[in-house]
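Report on the following structure.
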Amino acid sequence: MTATARIIDGKRRAAQLRHDIAIGVERLRDETGIAPKLAAILVGDDPASAIYVRRKGEQAAAVGMESESHRLSTSISQDDLLALIDRLNHDAAVHGILVQLPLPPHIDKAAVLRRIDPGKDVDGFHPVNVGLLASDSETVDGRIIPCTPMGCMMLLADELGSLEGMNAVVVGCSNIVGRPMAQLLLQARCTVSIAHIHTRDLPELVASADILVSAAGAPGLIKGSWIKPGAVVIDVGINRVPNADGDGSRIVGDVCFDEATARASAITPVPGGVGPMTIACLLENTLRAAIAMTAERRHDTDMASDRQSQFA
Ligand code: GUN
690 MTATARIIDG KRRAAQLRHD IAIGVERLRD ETGIAPKLAA ILVGDDPASA
740 IYVRRKGEQA AAVGMESESH RLSTSISQDD LLALIDRLNH DAAVHGILVQ
790 LPLPPHIDKA AVLRRIDPGK DVDGFHPVNV GLLASDSETV DGRIIPCTPM
840 GCMMLLADEL GSLEGMNAVV VGCSNIVGRP MAQLLLQARC TVSIAHIHTR
890 DLPELVASAD ILVSAAGAPG LIKGSWIKPG AVVIDVGINR VPNADGDGSR
940 IVGDVCFDEA TARASAITPV PGGVGPMTIA CLLENTLRAA IAMTAERRHD
990 TDMASDRQSQ FA
């Protein structure tokens, strides 16, 4: 089997995006004296979530943003969590708020996400932002797009330019990735199919894809032989699996990578593909939210629309 696929370097693209964001942050500071600020809320002590929240803070600092993190006990009441969100909603110095998921089972996730001011909802999970994305909203200023799908669209745009008319298959229908991804592909004028656990003939559906995005969280689900020759493959899966020799573990995607490189024209590796884009896009959303809030206060719409038109 000869490997032909181009390997899409998400790490490099994310670094480029952070560089661009840092310039935007500096410009905002020069023009208004305001630094974008991200507030992250972590409930409980899930180690993976703690690492993600720490990285978000570190990368915010690296682009010149301010950040604060609120680490709350697993046993916090829903009312106390909602009260913290209310406080952050009303804090004019905070431009972006995120509640790291998953939340403990006694907390109503939907009620928490609904409580965040949609203008500060830098994850794009509030029903207002979900609704804007699901409607034909490309021209709506201030809509916030979920971070991982935004990153995937940037990688696809770099690879393909226009996506118009292409068959896109999204495997996975989560609120965080699959559903918003499908909406963005539809807005890019693809013919979109969403596959999920009940999908019949997944191999046949995958074989129709010019663009395949897998966000199923199932290691090795997508076999190389299913992939249409020349397809662009975006693997969002981050799955920890034991090493073959039984010693330690490693991270793999949903796609059988080595097999897929023989058929795809381009593919994201795991790690180093989509993963690095997610936090960079969170910072992009935080900068956009800060610009929109600042412009609103100054009745200055030019700055906001400048930034909005630069990206998906
Ligand atoms: N948990 C897994 N992915 C995400 C994400 O993108 N945002 C938040 N808030 N929690 C997550």
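The sequence shown begins at 690 in the numbering used here and counts up by one.
Glycine included, every Cβ here is placed at the ideal spot set by N, Cα and C.
Exercise. If G861 and H885 are in contact, beta carbons under 8 Å, what's the gap, nearest whole angstrom?
Worked result: Position 172 of the sequence shown holds residue 861. Position 196 of the sequence shown holds residue 885. Between H885 and G861 the Cβ distance is about 7 Å, and since that is below 8 Å, they are a contact.
Exercise. Cα separation between E893 and K700?
Worked result: Position 204 of the sequence shown, counting from 1, holds the residue named residue 893. Position 11 of the sequence shown, counting from 1, holds the residue named residue 700. The straight-line gap from Cα to Cα measures roughly 32 Å.
Exercise. Given Q789, which residues of its chain have a CB within under 6 Å of its CB, disregarding the five upstream and five downstream residues?
Worked result: Here residue 789 corresponds to residue number 100 of the sequence shown, with the count starting at 1. Answer for Q789: L731, S738, V742, listed in chain order.
For this session: Using 8 Å as the cut-off, classify the Cβ of D899 as near or not near the heavy atoms of the ligand GUN, replying yes or no.
Result: Residue 899 sits at position 210 when you count from the first residue of the sequence shown. Not so, every heavy atom of the ligand GUN lies at least 8 Å from the Cβ.
Exercise. The beta strand (DSSP E) with T691 in it runs from where to where?
Worked result: As a first step, residue 691 is located in the sequence shown; it is residue number 2 there, counting from the start. Segment: none, T691 is in no beta strand (DSSP E) and carries neither H nor E.
Exercise. If you measure from each residue's Cβ to the nearest non-hydrogen atom of the ligand GUN, which ones come out under 5 Å, in chain order?
Worked result: L787, Q789, L790, D812
Problem set entry | K912 in three-state terms, based on DSSP | Start at 1 with the first residue of the sequence shown, and residue 912 comes out as number 223. K912 falls in the coil class under three-state DSSP.
Problem set entry | Environment of R640 [buried if 16+ CB atoms lie within 10 Å] | A question about residue 640 goes unanswered here, because the residues of the chain that appear run from 690 up to 1001.
Problem set entry | Member of V959, L873, S863 whose CA lies at the smallest distance from the CA of R929 | On the sequence shown, position 240 is the one that residue 929 refers to. Ranking the options by Cα distance to R929, first place goes to V959.
Exercise. Between the Cα of A750 and the Cα atoms of D734, A728, L761, G733, which residue gives the shortest distance?
Worked result: Here residue 750 refers to the residue found at position 61 of the sequence shown. Per the Cα distances, A728.
Exercise. R952: buried (16+ other C-beta within 10 angstroms of its C-beta) or exposed?
Worked result: Here residue 952 refers to the residue found at position 263 when the sequence shown is read from its first residue. R952 should be labelled buried.
Exercise. Could you give the distance in angstroms between the alpha-carbon of A648 and the alpha-carbon of M754?
Worked result: No statement about residue 648 is possible, as the shown extent of the chain runs from 690 to 1001 and does not include it.
Problem set entry | Where A953 sits in the DSSP three-state scheme | For this step, residue 953 is matched to residue 264 along the sequence shown. A953 falls in the coil class under three-state DSSP.
For this session: Less than 8 Å between the CB atoms is what I'm expecting for G913 and G926, so what's the real figure, rounded?
Result: Residue 913 sits at position 224 when you count from the first residue of the sequence shown. Residue 926 sits at position 237 when you count from the first residue of the sequence shown. In fact, because the Cβ distance is near 15 Å, the residues do not count as touching under 8 Å.
Exercise. Can you tell me the Cα-Cα spacing of R695 and N856, whole angstroms?
Worked result: Mapped onto the sequence shown, residue 695 falls at position 6. Mapped onto the sequence shown, residue 856 falls at position 167. Between R695 and N856, the C-alpha separation is close to 20 Å.
For this session: Measure from the alpha carbon of V921 to the alpha carbon of each residue in P736, M982, L717, A846, then state which is nearest.
Result: Within the sequence shown, numbered from 1, the residue matching residue 921 stands at position 232. V921 has its Cα closest to that of A846, out of P736, M982, L717, A846.
Exercise. Does the stretch 812-822 come close enough to the stretch 895-905 to have 3 or more Cβ pairs within less than 8 Å?
Worked result: no
Exercise. For the candidate residues R868, K917, L852, D934, whose alpha-carbon lies nearest to that of V859?
Worked result: In the sequence shown, residue 859 corresponds to position 170, counting from 1. Here the closest residue by C-alpha is R868.
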